[in-house]
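Numbering (this note's numbering), first residue to last: 1 to 495. Glycine is no exception: its CB is placed at the ideal position from the N, C-alpha and C atoms. A short worksheet on the structure shown next.
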Amino acid sequence: MFASVVLLVVAVLLLVLLGHNRRSKNFPPGPQTIPFFGNLLELNLEDPLTDLERLTKRYGNVYSFFIGPRPAIVINGLQALKEAFVNKAAAFAGRPQDQFFNRIVQMKAHAPGMILSDYTSGWKEHRRFGLMTLKNFGLGKYPMEQRILTELQYLIRTLEQSNGKPVNPHLLFHKATSNIMCQVLLSKRFDYEDESINLFINFFHETSTAINGRWGLIYDAFAVVKYLPLPFQRCSKLFESAHKRHLEEYLENKKTRVPGKPRNFIDCYLDELDKRGQDGSSFSEEQLRASALDLHFAGTDTTASTMQFGFFYLTAYPEIQERCQEEIDKVLDGKDQASFEDRDQMPYVQAVVHEIHRVGNIAPLSLFHMVTEDTELMGYSIPRGTTVIPNLSSALNEEGEWKYPHEFNPENFLNDKGEFVKPEAFLPFSIGHRTCIGENLARMEVFLTVVTLLRRFKFIWPEDAGEPDFTHLFGSIQTPKPYRMKVILRERSYE
């Protein structure tokens, strides 16, 4: 009996010693770890940003943190972010391939997609292709602006039906942005009551909430839990359903395709695939299908959440909304609809839109990166394979970089002459090689949506809704707390 107890004690001690997380020589400092769990138990996983700010004050702009047994570094502040993702861009451009969402995608779609791929020659090929194709949709062959404005007419009709009544904007904005991405990818939109659009939105929302949340981090820290019936299994099932529905639309699109006459992103990719033939490149139909769902996910949830934040702040600050409407009415006088080019004549609206991006801060920790080679950062040694967490919030709220870092104020983007200016610390779309591939499309969508809807409607905080709650709901995509806004058709008609 005594021998059994001794063996048990020895086994426990060995487990503790083996599970102890150690920092390598000259690795960034950080909080004391707990064996096996790392630092997970000391973070509020529902909203870790406050805890990360606390750690920054204690350890500096580069510190380490253990997600279970996995070492990670957190990078804070404009200068440290630039040092890593601009000055040493290639070394910090990797993407972990064994994390929650990556595993789901590669298991179901058999390809990592355009956004989740690691930093390889194949990723570089797809990045170049994606940027050029999306640029053509925004500025060249395919009139993206008109597709956005057309979708906004459907949104306007829906809002007109609620004239004088409070509405919940969450689903409305998600449906509109999902349809815009479907137009880009498939030249197709879905009716707002179609079950397909609801399937996509449920998948996007639940997965984005889970990725950097409690269950996503537990999944990343302890791979064995993937076999347990825990809440993240629902994301896997939702992905399977969304991927299957995407595949159906992809095959339908392929049937009607005319080679050399592309209508959408998928057609452009298939033309590229025909051109390359069997050249051994990374282009394949599996990669196309994974990338299409990647782009649909990224282009829907991010932009919709930005719009939710936008109309929350415009409703909470009616004086800012009114000043926007004055500028919009003046610039668009005599015009049927807005154009993205109008932004140059709307410095105040431009400032408000950028402040929405800054304060909304929808991707506070971006997507995690991985170090591709042994390197140094701010005097510390960072070994290859280290997980990297870019804390974009730290730049978007950094003291000394903004006039009003901790409040919603368009003056952050206006100089003394009232002209629009964009500070260097404006990084909502990330920085470096992994900057959001759809940044230009997202900026166009948000600007045109704000201008078009403010020209048509007045948005009011409901009398019975209490005071606005400015708390953010944390996830890989942050959102405001659920709210309603009363929609009032403005007296002036633009028929």
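Chain D within 8 Å of residue i, Cβ atoms only
| i | result |
| --- | --- |
| residue 190 | Chain labels in this structure do not include chain D; a single protein chain is all it has. |
Proximal residues to residue i (C-beta, below 7 Å), its chain only, five neighbours per side dropped
| i | result |
| --- | --- |
| residue 357 | 306 and 428 |
| residue 181 | 295, 296, 299 and 300 |
| residue 202 | 238 |
| residue 308 | 169, 170, 173, 479 and 480 |
| residue 405 | 397, 398 and 399 |
C-alpha distance - residue i paired with residue j, whole-angstrom precision
| i | j | result |
| --- | --- | --- |
| residue 346 | residue 184 | 27 Å |
| residue 130 | residue 466 | 45 Å |
| residue 288 | residue 207 | 21 Å |
| residue 491 | residue 333 | 15 Å |
| residue 413 | residue 100 | 37 Å |
| residue 382 | residue 365 | 19 Å |
| residue 32 | residue 127 | 39 Å |
| residue 143 | residue 439 | 17 Å |
| residue 472 | residue 45 | 13 Å |
| residue 396 | residue 42 | 25 Å |
| residue 338 | residue 456 | 12 Å |
| residue 482 | residue 174 | 14 Å |
| residue 65 | residue 91 | 19 Å |
| residue 394 | residue 259 | 47 Å |
| residue 474 | residue 53 | 15 Å |
| residue 419 | residue 348 | 8 Å |
| residue 374 | residue 245 | 42 Å |
| residue 437 | residue 177 | 16 Å |
| residue 230 | residue 47 | 20 Å |
| residue 449 | residue 193 | 21 Å |
| residue 125 | residue 276 | 12 Å |
| residue 281 | residue 121 | 9 Å |
| residue 247 | residue 197 | 14 Å |
| residue 15 | residue 351 | Legend: pLDDT at residue 15 = 45, less than 50; position of this residue unreliable, value from coordinates given subsequently. Roughly 55 Å separates the two Cα atoms. |
| residue 136 | residue 263 | 12 Å |
| residue 240 | residue 430 | 29 Å |
Residue j beta carbon less than 8 Å from that of residue i
| i | j | result |
| --- | --- | --- |
| residue 477 | residue 362 | yes |
| residue 76 | residue 380 | no |
| residue 353 | residue 447 | yes |
| residue 487 | residue 149 | no |
| residue 86 | residue 432 | yes |
| residue 317 | residue 359 | no |
| residue 485 | residue 311 | yes |
| residue 435 | residue 265 | no |
| residue 302 | residue 70 | no |
| residue 392 | residue 84 | no |
| residue 40 | residue 217 | yes |
| residue 35 | residue 73 | no |
Assumed close pair residue i, residue j - CB separation to whole angstroms, cut-off 8 Å
| i | j | result |
| --- | --- | --- |
| residue 60 | residue 37 | Contact flag wrong, Cβ pair sits at about 24 Å. |
| residue 94 | residue 119 | 5 Å |
| residue 172 | residue 155 | 6 Å |
| residue 355 | residue 409 | 7 Å |
| residue 321 | residue 454 | 7 Å |
| residue 315 | residue 461 | 5 Å |
| residue 243 | residue 199 | Not a contact, Cβ separation roughly 11 Å. |
| residue 368 | residue 96 | 6 Å |
| residue 411 | residue 403 | 6 Å |
Contact set for residue i: own chain, Cβ-Cβ below 6 Å, skip 5 residues either direction
| i | result |
| --- | --- |
| residue 188 | 182 |
| residue 223 | none |
| residue 249 | 186 |
| residue 493 | Since pLDDT at residue 493 reaches only 48, below the 50 mark, its modelled position is unreliable, and no value is offered. |
| residue 415 | 421 |
| residue 56 | 76 |
| residue 342 | 331 |
| residue 291 | 113 and 114 |
| residue 233 | none |
Residues that DSSP places opposite residue i in a beta bridge
| i | result |
| --- | --- |
| residue 114 | Bridge partners of residue 114: none, in fact. |
| residue 479 | 473 |
| residue 258 | According to DSSP, which records beta bridges pairwise, residue 258 is partnered with nothing at all. |
| residue 64 | 73 |
| residue 460 | 486 |
| residue 420 | 414 |
| residue 26 | Per DSSP, none; premise fails for residue 26. |
| residue 380 | 377 |
| residue 402 | 399 |
| residue 166 | 486 |
| residue 390 | 75 |
| residue 38 | 34 and 67 |
Near the ligand ADP: residue i beta-carbon under 7 Å from a heavy atom
| i | result |
| --- | --- |
| residue 51 | Absence of the ligand ADP is noted for the structure shown, with no ligands found whatsoever. |
Contacts around residue i, its chain only, beta-carbon distance under 8 Å, and the 5 residues preceding and following it disregarded
| i | result |
| --- | --- |
| residue 444 | 138, 144, 145, 148 and 340 |
| residue 401 | 78, 395, 423, 424 and 425 |
| residue 273 | 283, 284, 285 and 288 |
| residue 261 | 267 |
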